[in-house]
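Those letters in the sequence shown? Residues 124 to 651, by the working numbering.
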Amino acid sequence: MVAGELLQEQHILPDKTPGGSVSACETPDGGNTEHYKTLSNGSVHITLDPKVLEQELPAPDEKDAMLPSDQNKPLETKRYLWRFAVLAVFSLYSLVNAFQWIQYGIIANIFTNYYNVSDVMVDWLSVVYMVAYVPLIFPATWLLDKKGLRMTALLGAGLNAVGAWVKCASVGPNLFWVTMTAQIICSVAQVFILGLPSRIASVWFGPSEVSTACATAVLGNQLGVAIGFLLPPVLVPNTAEDKELMGYNISIMFYGTAAISTLLFFLTVFVIKDKPPLPPSKAQAVLCETPDEDYSYKKSIINLFKNKPFILLLISYGIMTGTFYSVSTLLNRMIITHYPGEELNAGRIGLTLVVAGMVGSILCGLWLDRTKTYKMTTLIVYILSFIGMVVFTFTLDLGYLLVIFINAGVLGFFMTGYLPIGFEFGVEITYPESEGTSSGLLNAFAQVFGIIFTLIQGQLITDYNPLIGNIFLCAWTFLGIILTALIKSDLKRHNINVGNTDKGQAVPEEKEPCAAKLESSLPHDTSL
């Protein structure tokens, strides 16, 4: 009702009104104001019949009566100890898959001699991991969204074991294409592995530990790379004069990998589940209440590519991770160029690179869980990685292996430590889209840049020297800093976990009880 208007009634209000002011007003027919009084709150005048007030209100509809309590009901969350077993098993078979990626490249000169192939062909044993990922990432992320975590994990662990056993049949100087086939199988397994860290962290771990869990899952893959740098030079020494002994050493490495991969496959069968009975966080609880039929994989992909901050992150993440892949793949060639006969130290330098990165990953994960400063942390780590790459580039040919060890440690701490940060930042700015889809796209761009950087840097090393190849990577890393600075930070998942809403939406305000009664008491034909 507009201020100043009156509703004509058949009775008068009592002289006293609780908390309101009573004023006399004229009736529409100009009658005595003593028979009409109004209750004013300063903006609205309403005249009510006390007999109407005394009438019993009709019982509310059952649906309406239940709605407010349902909307305000707190979402039930719980964290289970089983989450640590899931994380451990995944990290271990991810470790073995990463080991199988780098086991050729770190002793590239030995495999070149054993199979009597060119350096480029041995490089392709590593590059195939990146090539296979790009076309298979979309069916892999679709499978993760539709069939769940368990099915995807079983495929990854199973193919990893199959590829390892095929390698056992490739021991022979004329069986290079058998070992290439085995590596292709392992590269397909990788597609079902690399996108899982953020999914496992989000589905199984609470908001105060999700970044650390993601960093730990990524850590398994990094540890595999570290062992891949360390063990092959020890297990397969350069016995160029005795190819039979070289083949025997290679078979020991292959059979050991196959046995461990098989054991981890069976552990995956018994340990890894799609999700816990109750979600670990509000953000997951909201997603759990969304009907499956409301989800569209195609629409999710479109939404991600319309997200400008995520596009910038895709490119910057691809540059950083692609640089790491290229340096890891070509490290043996770079070291041997300046320090002939130092295959063992090349592996140790690679180990230093990755172990320092593992420490960086864990510390960055803990820092993010504590501060949630994703944008600032990402930018600082990117800048420090660029500085580390520049120092590594211009100290590689000084003739001091100790300097290279130190620089590799600094470079690895920041460059490898960036990987889980990128995953978690991507999940934050794309929520509520699937973690597997966003992580899969980040990895796809990483593989694309890894292929391009490895092939170009490898050719630059062949045609010129390692210095030119590393300068090429430094220029791209600097571009990545600029792109990272342009990313707009919108922490959607974090806002849900700490916000006052239960379901990511505003809860409708309840009407004041008095107002509800007044509204219900008025005749239906009365216009306000």
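Cβ atoms here follow ideal geometry from the backbone N, Cα and C, with glycine treated the same way. Since we're looking at a predicted model, the values are computed, not measured.
query: Rounded to a whole number of angstroms, what is the C-alpha to C-alpha distance between L524 and I579?
result: Here the alpha carbons of I579 and L524 stand approximately 26 Å from one another.
Neighbourhood of G347 by C-beta, 7 Å cutoff - its chain only, sequence neighbours within 5 removed: S217, L218, V219, N220, A221, F222
field: Length-filtered (4 minimum) alpha helix (DSSP H) runs lying within the region 530-616
entry: For the region 530-616, the continuous alpha helix (DSSP H) assignments of 4+ residues that do not extend past its boundaries occur at 541-553, 558-586, 589-608, in sequence order.
field: Classification of L609 by the beta-carbon crowding that lies within 10 angstroms, buried from 16 upward
entry: Exposed.
task: Figure out for me which residue from F328, N344, L437 has the closest Cα to the Cα of P400.
output: F328
- prompt: Nearest to K611 by CA position, among S321, L436, N372, is which residue?
  reply: L436
message: Please return the same chain residues whose Cβ sits closer than 7 Å to the Cβ of T200, not counting the five positions on each side in sequence.
response: Excluding sequence neighbours, T200 sits near L401, P402, P403, S404, K405, A408.
query: Is F389 buried or exposed, if buried means 16 or more other CB atoms sit within 10 Å of its CB?
result: exposed
field: For A305 and P355, the rounded distance between their alpha carbons
entry: 17 Å
Bounding residues of the alpha helix (DSSP H) (the contiguous stretch that carries S249): 242-270
- request: Assign R493 to buried or exposed, taking buried as 16 or more other Cβ atoms, counted over all protein chains shown, within 10 Å of its Cβ.
  value: exposed
- request: Report the three-state DSSP secondary structure of F517 (helix, strand or coil).
  value: helix
message: In whole angstroms, give me the CA-to-CA distance for P360 and P330.
response: 47 Å
Cβ contact check for the region 527-545 and the region 500-514: 3 or more pairs under 8 Å: yes
query: What is the DSSP secondary structure of T391, reduced to helix, strand or coil?
result: helix
- prompt: Rounded to the nearest angstrom, how far is the Cβ of S653 from that of G573, given a contact under 8 Å?
  reply: Past the edges of the chain, shown from 124 to 651, lies residue 653, and the structure says nothing about it.
- prompt: How long is the line joining the alpha carbons of P555 and V357, rounded to whole angstroms?
  reply: 46 Å
message: My assumption, with CB atoms under 8 Å, is that I575 sits in contact with G445. Please give the rounded CB distance.
response: 7 Å
- prompt: So L542 and F515 are in contact, right, with Cβ under 8 Å, and what is the actual spacing, rounded?
  reply: Going by Cβ atoms, the distance from L542 to F515 rounds to 18 Å, so no, they are not a contact pair.
query: Smallest Cα separation from A292: which of Y371, S561, G592?
result: Selected option, being the one with the closest Cα: Y371.
task: Taking Q313 as part of the alpha helix (DSSP H), name the residues at either end of that continuous run.
output: 299-314
task: Measure from the C-beta of P432 to each C-beta in chain D and report whether the shortest distance is under 8 Å.
output: You won't find chain D in this structure, because it holds only one protein chain.
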